[in-house]
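J.: Input: one structure, supplied below.
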Amino acid sequence: MDIQAYIQSGIIESYILGLTTAEEAAEVEALKLQYPEVNDAIHEFSLLLEEHALKNSINPPPNMKERIMAAIREEDLVKPPVLKKRDNEDYFAITQNSIRPWRMAAAAAVILLIVSAALNFYLYRQYNNKNEAYQALLSERNTLQANNQVYQTHLREWENAAAMMADPGMATVKMNGIPGKESNMATIFWDTRNKDVYVMPNKLQAPSAGKQYQLWAIVDGKPVDAGTLSPDCTGVCKMKNIPKAEAFAITLENAGGSTTPTLATMLVHGAV
Amino acid sequence: MTLLKQRDEAAFNYLYDHYSGSVYSIILNIVPDRELANDLLQEVFVKIWRQIETYDSSKGRLFTWMLNIARNASIDAIRSKSFQHSRQNRELTENVYDAGGSTETNTDKIGLRKTVHKLKEEYRVLVELSYFQGFTQDEISKMLKIPLGTVKTRLRTALIQLKQVIKP
Numbered sequence: 023m024d025i026q027a028y029i030q031s032g033i034i035e036s037y038i039l040g041l042t043t044a045e046e047a048a049e050v051e052a053l054k055l056q057y058p059e060v061n062d063a064i065h066e067f068s069l070l071l072e073e074h075a076l077k078n079s080i081n082p083p084p085n086m087k088e089r090i091m092a093a094i095r096e097e098d099l100v101k102p103p104v105l106k107k108r109d110n111e112d113y114f115a116i117t118q119n120s121i122r123p124w125r126m127a128a129a130a131a132v133i134l135l136i137v138s139a140a141l142n143f144y145l146y147r148q149y150n151n152k153n154e155a156y157q158a159l160l161s162e163r164n165t166l167q168a169n170n171q172v173y174q175t176h177l178r179e180w181e182n183a184a185a186m187m188a189d190p191g192m193a194t195v196k197m198n199g200i201p202g203k204e205s206n207m208a209t210i211f212w213d214t215r216n217k218d219v220y221v222m223p224n225k226l227q228a229p230s231a232g233k234q235y236q237l238w239a240i241v242d243g244k245p246v247d248a249g250t251l252s253p254d255c256t257g258v259c260k261m262k263n264i265p266k267a268e269a270f271a272i273t274l275e276n277a278g279g280s281t282t283p284t285l286a287t288m289l290v291h292g293a294v
Numbered sequence: 008m009t010l011l012k013q014r015d016e017a018a019f020n021y022l023y024d025h026y027s028g029s030v031y032s033i034i035l036n037i038v039p040d041r042e043l044a045n046d047l048l049q050e051v052f053v054k055i056w057r058q059i060e061t062y063d064s065s066k067g068r069l070f071t072w073m074l075n076i077a078r079n080a081s082i083d084a085i086r087s088k089s090f091q092h093s094r095q096n097r098e099l100t101e102n103v104y105d106a107g108g109s110t111e112t113n114t115d116k117i118g119l120r121k122t123v124h125k126l127k128e129e130y131r132v133l134v135e136l137s138y139f140q141g142f143t144q145d146e147i148s149k150m151l152k153i154p155l156g157t158v159k160t161r162l163r164t165a166l167i168q169l170k171q172v173i174k175p
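Chains as they are written, first to last, in this note's numbering: chain A, 23 to 294; chain B, 8 to 175.
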C-alpha cells in the first residue's frame, strides 16, 4: 500500500472532521497503529485545526460560564457516574439532546400546580352550587312543614265539626244570610244535653279592623249575648252556654262585643 | 487530563477558559441564532463534562473530540423540527421586519466557515453541505446531481486545500 498516497488523498482530514463512513474511520484507525506516518498526519491536521480555531475563537457572553458551571454542579448532584463506553464508535457519536432533570422537575411542578389550581377552582364552584341547592331544599322543607301544620289544624277542625254533626245529641241550626246578605252563612251546633253552643262560620267575611262578630240567642223574643267570635276561629268554636232559645243570629259589632245587638249589622239568622 | 477525568472543578474551569471561544465559534458557524447557540454551548460543555471518562487520548486530541461533539450537537439542533419551523417563520416575516442582525450571526463571516469561503466554488459547496449542514455524501450526490465517487474525491481534495489555507 502506498501510504503517502493514502495520506494525501484527504482521508485523514475527512476522518478528523467526522466526514468519513464508519468503515473508512475503522480503516484509518487500523492504519494509524500500523504506520507512524498516518499517526503523524492525524496529529498534524488536528493541531492545525486547533490552532486555527483558537485564533478564530469568539468569546461567549460572560454570563455563560457561570450558567454552565451551575448546570454542571446540578448535573453532578443528580447524575450517577457515567459508565465506560464499550467501543470506539462513540468517538464521533451523534449527540443526543440532554434533558436536564431539574428542568423536567420544574416543568412537572408547574403543571401540577396549574392542574391543582384548576381542580381547586372546580371543586370550590361545585361546593358553592351544592351549598345553594342545600339552602334551597332547606327552605322548601320549612315551607312544606309549615303548610303541613296548617293542613293538620284545618283537618282537626273539620274532624271536630264532623264529629259534632255525627253526634245524635247535637242539634244543628243553619243560619242563612238575611235578605240583602245572602252570601253569608253559619252553622250552630247546640248540645241538647249540656246546652253548650258551638258556631261554625261557614261563609263570613273576615271582619274589618276594630270589628268583631257576635252571636246572639233569641230567648222569648229577646236577644241574649252568646259570645263573640274570635278572629282566628275558622272551624268550630265554642260559645256561651245557652239553656233555651228559639233562634240564633250573628251581628257585626265593635271589638269586644255589645250588650244589645245592632240590628242594622245583622248578617245571618236561623230559627231552632 | 487526569484531573479532568476525576471531574476536578478547577480543571474544568481551565478547560472552559481555554476552549469555550473555539467551541462557541464552531457552534456559531452552524447555528446563526445567538440564544440557541448559547443553549448549545451549555449542552456541549455539560456533555463534555459528563462524557470525559469516555475520551481516549490515544485516539486523538481532546480538542478534536470536543469539536466533534459541538458540531454534532449544532447539526442536530438545526435539523430539529422546531428549528426548521422557526426558520420558516423567520423567512416569512423577513420582508416585513428588519431583523437588525442583533441576535443573528452571519455564519459565513467567522471562524472556519470564513476560511472555507476562500476555496474555489466547487470545493466550497461540498464542505458547506457536508461539514456545516451535515448532509451525507449520498444526499449531496443527489442534490447536486454529481456521481457519489466524484463527491467523495472532490470533498477530499477540498479538505486538502483547506489544510493548505489554514497552514500558517
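Here a beta-carbon is modelled for each residue, glycine too, at the ideal position from N, C-alpha and C.
#1: Quick one: what does DSSP say B:Ile153 is sitting in, helix, strand or coil?
#2: Output, in chain order, the set of chain A residues within a Cβ distance shorter than 9 angstroms of B:Gly118.
#3: Would you say A:Ile136 faces chain B, with C-beta separation under 7 angstroms as the test?
#4: Going by alpha carbons, who is nearest to A:Pro223 out of A:Gly202, A:Ser252, A:Pro201?
#5: Does the CB of B:Lys170 have a neighbour CB from chain A at under 7 angstroms?
#6: Can you tell me where the beta strand (DSSP E) holding A:Met23 begins and where it ends?
#7: Can you give me, in chain order, the residues of the stretch 36 to 62 of chain A that have a beta carbon less than 8 angstroms from any beta carbon in chain B?
#8: State whether the stretch 227 to 246 of chain A contacts the stretch 275 to 282 of chain A, with contact taken as three or more CB pairs (one from each stretch) at a distance under 8 angstroms.
#9: Please tell me whether A:Ile179 and A:Gly249 are closer than 7 angstroms, where the distance is taken between their beta carbons.
#10: Pull up the CB-CB distance for A:Thr209 and A:Met197, whole angstroms please, since I reckon it's below 8 angstroms.
#11: Would you kindly check if the distance between the Cβ of A:Met261 and the Cβ of A:Val290 is under 7 angstroms?
#12: Who are the near neighbours of B:Val51 in its chain, counting only those whose CB is closer than 8 angstroms to its CB and skipping five residues on each side?
#13: With burial defined as no fewer than 16 other Cβ atoms inside 10 Å of the residue's Cβ, what is the status of B:Arg86: buried or exposed?
#14: Hey, out of A:Leu76, A:Ala75, A:Ala286, whose CA is closest to A:Gly202's CA?
#15: Looking only at its own chain, which residues have a Cβ that is under 6 angstroms from the Cβ of A:Leu53, when we skip the five neighbours before and after it?
#16: Please name the residue, chosen from A:Ala184, A:Ile34, A:Met23, A:Ile25, that lies closest to B:Ala165 on a Cα-to-Cα basis.
#17: Which residue's Cα is closest to the Cα of A:Val294: A:Pro283, A:Thr214, A:Ala228?
#18: Buried or exposed: where does B:Asp145 fall if 16 or more other Cβ atoms within 10 Å of its Cβ makes it buried?
#19: I think B:Arg120 touches B:Asn36, with their Cβ atoms under 8 angstroms apart; what is that distance to the nearest whole Å?
#20: Measuring straight from C-alpha to C-alpha, what distance separates B:Glu129 and B:Thr143?
#21: Which of helix, strand or coil does DSSP assign to A:Ile80?
#22: On the criterion of 16 or more Cβ atoms from any shown chain inside 10 Å, does A:Gly40 qualify as buried, or is it exposed?
#23: So if I threshold CB-CB distances at 8 angstroms, which residues from the stretch 62 to 75 of chain B count as touching chain A?
#24: Counting only C-beta atoms, is A:Ile90 closer than 7 angstroms to chain B at any point?
#25: State yes or no: is the C-beta of B:Thr157 within less than 7 angstroms of the C-beta of A:Ile38?
#26: Start and end of the beta strand (DSSP E) containing A:Thr209?
#27: Comparing the C-beta of B:Ser27 with each C-beta of chain D, is any distance below 7 angstroms?
#28: Can you have a look at A:Val172 and say buried or exposed, based on whether 16 or more other CB atoms are within 10 angstroms of its CB?
#29: Determine, using beta carbons only, whether A:Glu96 comes closer than 7 angstroms to chain B.
#30: Could you spell out where the alpha helix (DSSP H) holding A:Leu177 opens and where it closes?
#31: With 7 angstroms as the threshold, decide whether the Cβ of B:Leu48 is near any Cβ in chain A.
#32: Straight-line CA distance for B:Pro175 to B:Ala44?
#33: Report, in whole angstroms, the separation of the C-beta atoms of B:Ser27 and A:Pro82, which I expect to be a contact under 8 angstroms.
#34: Is the Cβ of B:Tyr130 closer than 7 angstroms to any Cβ of chain A?
#35: Throw me the rounded Cβ distance for the B:Leu22 and A:Met86 pair, which I believe falls under 8 angstroms.
#36: Who pairs with A:Gln236 in a beta bridge, going by DSSP?
T.: Walking through what the data contain:
#1: Residue numbering aside, residue 153 of chain B sits at position 146 when the second sequence is read from its first letter. Looking at B:Ile153 - three-state DSSP - the assignment turns out to be coil, as it is neither helix nor strand.
#2: The residue you call residue 118 of chain B lines up with position 111 of the second sequence. The contacting residues are His74, Ala75, Asn78, Ser79, Ile80.
#3: For the purposes of this step, residue 136 of chain A is taken as the residue at position 114 of the first sequence. With 7 angstroms as the cut-off, A:Ile136 does not count as an interface residue toward chain B.
#4: Counted from its first residue, the first sequence places residue 223 of chain A at position 201. It is A:Ser252.
#5: Walking along the second sequence from the start, residue 170 of chain B turns up at place 163. Chain A, which has a Cβ nearer than 7 angstroms to the Cβ of B:Lys170, makes this yes.
#6: In the first sequence, residue 23 of chain A corresponds to position 1, counting from 1. Careful: A:Met23 lies outside any beta strand (DSSP E) and carries neither H nor E.
#7: Ser36, Ile38, Leu39, Gly40, Leu41, Glu51
#8: yes
#9: Within the first sequence, the letter at position 157 stands for residue 179 of chain A. Within the first sequence, the letter at position 227 stands for residue 249 of chain A. The identity of residue 179 of chain A in the sequence shown is Glu, whereas the question assumes Ile. No; because the gap between Cβ atoms is not below 7 angstroms, this pair is not in contact.
#10: As a first step, residue 209 of chain A is located in the first sequence; it is residue number 187 there, counting from the start. As a first step, residue 197 of chain A is located in the first sequence; it is residue number 175 there, counting from the start. The distance from the Cβ of A:Thr209 to that of A:Met197 is about 7 angstroms, consistent with a contact at the 8 angstroms cut-off.
#11: Sequence index remark: in the first sequence, residue 290 of chain A carries index 268 (1-based). Sequence index remark: in the first sequence, residue 261 of chain A carries index 239 (1-based). No, the pair does not count as a contact, with Cβ atoms beyond the cut-off.
#12: Counting from 1 along the second sequence, the entry for residue 51 of chain B is found at position 44. So the qualifying residues of the chain are Val30, Ile34, Met73, Ile76, Ala77, Ala80.
#13: As a first step, residue 86 of chain B is located in the second sequence; it is residue number 79 there, counting from the start. B:Arg86 comes out exposed.
#14: Numbered from 1 along the first sequence, position 180 holds the residue referred to as residue 202 of chain A. Comparing alpha carbon positions, the residue from A:Leu76, A:Ala75, A:Ala286 closest to A:Gly202 is A:Ala286.
#15: As a working mapping, residue 53 of chain A is identified with position 31 in the first sequence. The residues are Val60.
#16: The sequence position of residue 165 of chain B within the second sequence is 158, counting from 1. Here the closest residue by C-alpha is A:Ile34.
#17: On the first sequence, position 272 is the one that residue 294 of chain A refers to. For A:Val294, the nearest C-alpha among the options comes from A:Thr214.
#18: Along the second sequence, one-based indexing puts residue 145 of chain B at 138. By the C-beta density criterion, B:Asp145 is exposed, having fewer than 16 other C-beta atoms within 10 angstroms.
#19: Taking the first residue of the second sequence as position 1, residue 120 of chain B is located at position 113. Taking the first residue of the second sequence as position 1, residue 36 of chain B is located at position 29. With a beta-carbon spacing of about 4 angstroms, B:Arg120 and B:Asn36 fall inside the 8 angstroms limit used to define contacts.
#20: Here residue 129 of chain B refers to the residue found at position 122 of the second sequence. Here residue 143 of chain B refers to the residue found at position 136 of the second sequence. One C-alpha to the other measures close to 17 angstroms.
#21: The residue given as residue 80 of chain A occupies position 58 in the first sequence. In the structure shown, A:Ile80 sits in coil (DSSP, three-state: anything other than H, G, I, E or B).
#22: Working through the first sequence from its first residue, we reach residue 40 of chain A at position 18. Result: buried.
#23: Asp63, Lys66, Gly67, Arg68, Phe70, Thr71, Trp72, Leu74, Asn75
#24: Translated into the one-based positions of the first sequence, residue 90 of chain A becomes position 68. Closer than 7 angstroms: yes.
#25: As a first step, residue 157 of chain B must be located in the second sequence, where it is residue number 150. As a first step, residue 38 of chain A must be located in the first sequence, where it is residue number 16. With respect to the 7 angstroms criterion, B:Thr157 and A:Ile38 are not classified as neighbours on the basis of their beta carbons.
#26: If you number the first sequence from 1, residue 209 of chain A lands on position 187. Run containing A:Thr209: 207 to 213, per the beta strand (DSSP E) assignment.
#27: Included in the structure are the protein chains A and B, with no chain D among them.
#28: Numbered from 1 along the first sequence, position 150 holds the residue referred to as residue 172 of chain A. Result: exposed.
#29: Position 74 of the first sequence, counted from the start, is the residue given in the question as residue 96 of chain A. Not an interface residue.
#30: Start at 1 with the first residue of the first sequence, and residue 177 of chain A comes out as number 155. Unbroken alpha helix (DSSP H) run through A:Leu177: 123 to 188.
#31: Here residue 48 of chain B refers to the residue found at position 41 of the second sequence. Closer than 7 angstroms: yes.
#32: For the purposes of this step, residue 175 of chain B is identified with residue 168 of the second sequence, where counting begins at 1. For the purposes of this step, residue 44 of chain B is identified with residue 37 of the second sequence, where counting begins at 1. Spanning the two alpha carbons is a distance of roughly 29 angstroms.
#33: The count along the second sequence starts at 1 and reaches residue 27 of chain B at position 20. The count along the first sequence starts at 1 and reaches residue 82 of chain A at position 60. That belief holds up - the Cβ atoms of B:Ser27 and A:Pro82 are roughly 6 angstroms apart, short of 8 angstroms.
#34: In the second sequence, the residue the question calls residue 130 of chain B occupies position 123. Taking CB atoms only, B:Tyr130 has no neighbour in chain A less than 7 angstroms away.
#35: Residue mapping note: residue 22 of chain B aligns to position 15 of the second sequence, counting from 1. Residue mapping note: residue 86 of chain A aligns to position 64 of the first sequence, counting from 1. Not quite, the Cβ-Cβ distance comes to about 14 angstroms (not below 8 angstroms), so this is no contact.
#36: Counting from one through the first sequence, the residue named residue 236 of chain A turns up at place 214. Answer is A:Thr250, A:Thr273.
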